[in-house]
Amino acid sequence: MCQVREQEKDIALQIREDVKQRRNQHFTRLAEELRTEWKESQTQKIRNLEKLYLASLRNMGEGHRQAKENEPDLDALARRAAERKRKADIRHQEALKVQKNQKEILTKQKTWHIKARKEALLVEKKRSAKITSRPPPPPTLFE
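Position one of the sequence shown corresponds to residue 1 (the numbering used here), numbered consecutively onward.
And the structure:
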């Protein structure tokens, strides 16, 4: 019976060691798989970054090239500016004419009574000159 107990202990110990060994092997294999998976993901990230870097190197200067291709038409800009200046000059001349007319109207409104008085004086002067140019009236008989 002691011998059976010893055998049972040895078998149980053997089973525990086997389980421990399998568990360690399982953990080791799992760690190795995770390590290889991590390395693969890192290499994939590095490849993607290299692709992005190379693409950015290829695109370097693209903005400058596009800007050169799309240079503004300086002649057309100059023509448009000249046309705008011509129209502005025309508007300026018209505004000056309107302003001058308004000033003349305002001046006439302020000085109409002076002109009317001068005309009345001129009429009176002509009438007076006409009367004085007549011969004097004949003396009255009663004098």
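Each residue gets a CB set at the ideal place from its N, CA and C atoms; glycine is no exception.
Everything numeric in this text was worked out from a predicted model, so none of it was measured.
Simplified DSSP state of GLU71, which is helix, strand or coil: coil
Looking at the unbroken alpha helix (DSSP H) that takes in PHE27, where does it start and where does it end? 2–59
How many angstroms separate the CA atom of MET60 from the CA atom of LEU77? 30 angstroms
Cα separation between ARG58 and HIS64? 13 angstroms
Rounded C-alpha distance that separates PRO135 from ARG127: 15 angstroms
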